[in-house]
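Per the working numbering, the sequence shown starts with residue 149, numbered consecutively. C-beta atoms are modelled at their ideal positions from N, C-alpha and C, and glycine is treated no differently. Computed from a prediction, not measured in an experiment: that's the story for all the values here. Right, one structure below, let's go through it.
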Amino acid sequence: MCPNRAALQRALDRGEQEGGSVEFKERLTRELHLADGRMESLAAQLRHRVLSGDGEATYVVGVTDDGGIAGIDHDDFSESMDVLSLLAEEAGAHIEDVQTWGITDGTVTTEGEAEGLVGVATIREGAMLDTDSEHIVVGTAGHVDHGKSTLVGSLVTGQSDDGEGGTRGFLDVQPHEVERGLSADLSYAVYGFDGEGPVRMDNPHRKTDRARVVEESDKLVSFVDTVGHEPWLRTTIRGLVGQKLDYGLLTVAADDGPTKTTREHLGVLLATELPTVVAITKTDAVTEERVAEVEREVERLLRDVDKTPLLVDRHGVDAAVEEISENVVPVLTTSAVTMDGLDDLDELFERLPKTTAQAGPFRMYIDRTYSVTGVGAVASGTIMSGEVEAGDELLLGPMADGAFREVEVRSIEMHYHRVDEAKAGRIVGIALKGVREEDIERGMVLLPADADPEPVREFEAEVVVLNHPTRIDDGYEPVVHLETVSEAATFHPEGGQLLPGDSGSTRIRFKFRPYLVEEGQRFVFREGQSKGVGTVTDVNPGEGDE
């Protein structure tokens, strides 16, 4: 919801009263305001405003020089924000926040019906974030009510839980989730480390709090907090497969022990070869004997899938950092109420190295899309390889017909902090110029403008059937989860069928449209109670694209 008329009037009144740190602009254009000589003059003016405001200035765009409400159309407003960003960069500052109001005939109205916009941009001293800090991404999983979101909430805030899942509320993203105490979609959280220890958030709901953590940390840990309830297993798979994760964190409640969902989530984590940590939660709610019993259950569960458990309480964090791998799984005991074990998790995440950074050209599969007033379409995801900067020209696609579209990077944000560039492994939102938000879909990819991508409808893969009630026949139709793609596909196994526990080759065809698929990519497929994993072995561009 946009700020109301009273809030806009307060901004205008502040400008009239404070003068020195507030600037009114009706519109800024590249042609006029970035011309030789003019840009330097305006940057110097902006620098003066920032210094007059003790490191902060306010620019009100879409008003006359005397503060009268004018309003400018959406395209002009977007261009004005682009120009203001460049002027701020020239002056050694950055845009921290933008509020917007819809305007029709000089009156504040809803933006959807508005003829124009007025915006208030807060500009702060200092260049945008340097993204050279290390950044690991952790995907969480676990059965509903096993304390997954609560544990992450306590980690990123340093606050103990009230025993009722209070810190979980930092991660619930929909009103019905808060009401029911369940997470129904992916949530994101972040904390970090500087030279003196953890850098945490006071309130993760505040954008500025997340931005502060990003700004102050030498190393960042982002959590992709997935879904514990069985009906949303597809969303969990989306989180664990669709993000470029460095590690997995699986929670098992001490009062409940491993469940069917625990085994499901562990299977997805390990089948995708993700180094994983198991945290036994809620140890404050049971006896020491029960904790030891659940530890033994977890050990048996891991050994049953040919993994080696490493008890951190017994062997220490040093051993966990050294030994964690696709085959060795550290196991910790924790309580978000007493905070027991969270120091070990802090140390573990501070010391674990990044595992997924890839060299090569920029590539990002899109996980989410949204639209920001005055900015436009934003594509969010984890950068798989390379790096991207504001102003870069990229390709977006494939569209339904397999074509790619040229777009330009307007700006980049990481956990609500605006950055001038971002590298492999970062979860970012990229504002794109040249495309509408409704034209962007999950599963699309962003690539350099000089790339020559060849999307496909069909590919060959080696698959393993983890679970199936009977057999997989020719024409079997599960949902394939590959990177951020989640699409129905038909299987055509070599030899005509695959039985539970079998591995073998199969041709896979997306049912509705092409995607960018590359050899070596791993995926999960699921249909009802049937599940399996696979690796792309051969891509055949053009075949079956009629």
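Buried or exposed by the 16-neighbour rule on C-beta atoms within 10 Å, applied to residue i
| i | result |
| --- | --- |
| Asp549 | exposed |
| His453 | A quick correction: the sequence has Val, not His, at residue 453. So Val453 ends up on the exposed side. |
| Arg186 | exposed |
| Asp350 | exposed |
| Val684 | buried |
| Phe497 | buried |
| Ala597 | exposed |
| Pro626 | buried |
| Lys679 | buried |
| Ala484 | buried |
| Phe660 | exposed |
| Arg566 | buried |
| Thr252 | exposed |
| Pro546 | buried |
| Pro346 | buried |
| Asn475 | exposed |
| Tyr624 | buried |
| Asp394 | buried |
| Gly301 | buried |
| Val389 | Because the pLDDT at Val389 is just 49, under 50, the model does not fix this residue reliably, and the value given afterwards should be weighed accordingly. Buried is the call here. |
| Asp309 | buried |
Under 8 Å between C-beta atoms of residue i and residue j
| i | j | result |
| --- | --- | --- |
| Ala427 | Leu397 | yes |
| Val338 | Val372 | no |
| Phe671 | Leu646 | no |
| Gly219 | Arg272 | no |
| Met229 | Val246 | yes |
| Pro406 | Glu445 | yes |
| Ser365 | Asp342 | yes |
| Gly287 | Lys296 | no |
| Thr129 | Pro423 | A question about residue 129 goes unanswered here, because the residues of the chain that appear run from 149 up to 694. |
| Thr632 | Gly591 | yes |
| Leu194 | Leu235 | yes |
| Glu443 | Leu417 | no |
| Glu495 | Val465 | yes |
| Lys430 | Ala467 | no |
| Ile514 | Val593 | yes |
| Leu595 | Pro601 | yes |
| Ala579 | Gly534 | no |
| Val434 | Asp461 | no |
Those residues which DSSP pairs with residue i across a bridge
| i | result |
| --- | --- |
| Asp342 | Gly345 |
| Gln247 | Val268 |
| Ile656 | Phe607 and Phe639 |
| Ile514 | The partner list for Ile514 (beta bridge, DSSP) is empty, contrary to what the question assumes. |
| Pro478 | Leu458 |
| Ile284 | Val369 |
| His565 | Met562 |
Which listed residue (the options) has its alpha carbon closest to that of residue i
| i | options | result |
| --- | --- | --- |
| Gly469 | Thr410, Leu493, Glu364 and Val672 | According to the sequence displayed, residue 469 carries Val and not Gly. Taking only the C-alpha atoms, the option nearest Val469 is Leu493. |
| Thr486 | Leu303, Leu417 and Ala636 | Leu303 |
| Val292 | Lys455, Asp488, Lys408 and Asp461 | Lys408 |
| Val583 | Val557, His413 and Asp568 | Val557 |
| Gly267 | Gly210, Ala239 and Gly295 | Gly210 |
| Arg178 | Val231, Glu421, Thr288 and Lys430 | Val231 |
| Asp432 | Glu412, Leu393 and Gly489 | Gly489 |
| Ile284 | Glu675, Glu561 and Thr530 | Thr530 |
| Asn688 | Val526, Thr270, Leu199 and Tyr663 | Tyr663 |
| Val523 | Ile217, Thr654 and Lys581 | Lys581 |
| Phe639 | Val665, Ala609, Tyr513 and Val633 | Ala609 |
| Ser226 | Ala269, Ala191, Ala192 and Leu614 | Ala269 |
| Pro457 | Ala636, Val425, Glu436 and Val536 | Val425 |
| Pro509 | Leu414, Ser169 and Val536 | Val536 |
| Arg197 | His242, Glu171 and Asp213 | Glu171 |
| Gly221 | Gly306, Ile560, Leu176 and Phe552 | It should be noted that the sequence gives Asp, not Gly, for residue 221. The candidate whose alpha carbon is nearest that of Asp221 is Leu176. |
| Ala599 | Phe552, Glu642 and Leu265 | Phe552 |
| Pro641 | Val628, Val611, Glu666 and Thr618 | Val611 |
Span of the alpha helix (DSSP H), counted from its first residue to its last, around residue i
| i | result |
| --- | --- |
| Leu630 | It is not in any alpha helix (DSSP H) - Leu630 instead sits in the beta strand (DSSP E) that spans Val627 to Leu630. |
| Arg674 | Not the alpha helix (DSSP H): Arg674 falls in the beta strand (DSSP E), residues Arg670 to Glu675. |
| Asp223 | His222 to Glu238 |
| His181 | Arg178 to His181 |
| Glu696 | Only positions 149 to 694 of the chain appear in this structure, which leaves residue 696 out of reach. |
Within-8 Å CB hit, residue i to chain B
| i | result |
| --- | --- |
| Val372 | This model lacks chain B altogether, as it is built from one protein chain only. |
Distance cut-off 7 Å: residue i Cβ against heavy atoms of the ligand NAP
| i | result |
| --- | --- |
| Glu344 | Because no ligand of any kind appears in the structure shown, any question about the ligand NAP cannot be addressed here. |
Span of the beta strand (DSSP E), counted from its first residue to its last, around residue i
| i | result |
| --- | --- |
| Ala192 | It is not in any beta strand (DSSP E) - Ala192 instead sits in the alpha helix (DSSP H) that spans Arg186 to Ser200. |
| Leu542 | Glu541 to Gly545 |
| Glu554 | Arg553 to Met562 |
| Lys296 | From DSSP, Lys296 is part of no beta strand (DSSP E) but of the alpha helix (DSSP H) over Lys296 to Thr305. |
| Val442 | Taken as a continuous stretch (DSSP letters only), Val442 belongs to no beta strand (DSSP E), being part of the alpha helix (DSSP H) at Glu436 to Asp452. |
| Asp686 | Ser678 to Val687 |
| Pro596 | Val593 to Pro596 |
| Glu537 | Glu535 to Glu537 |
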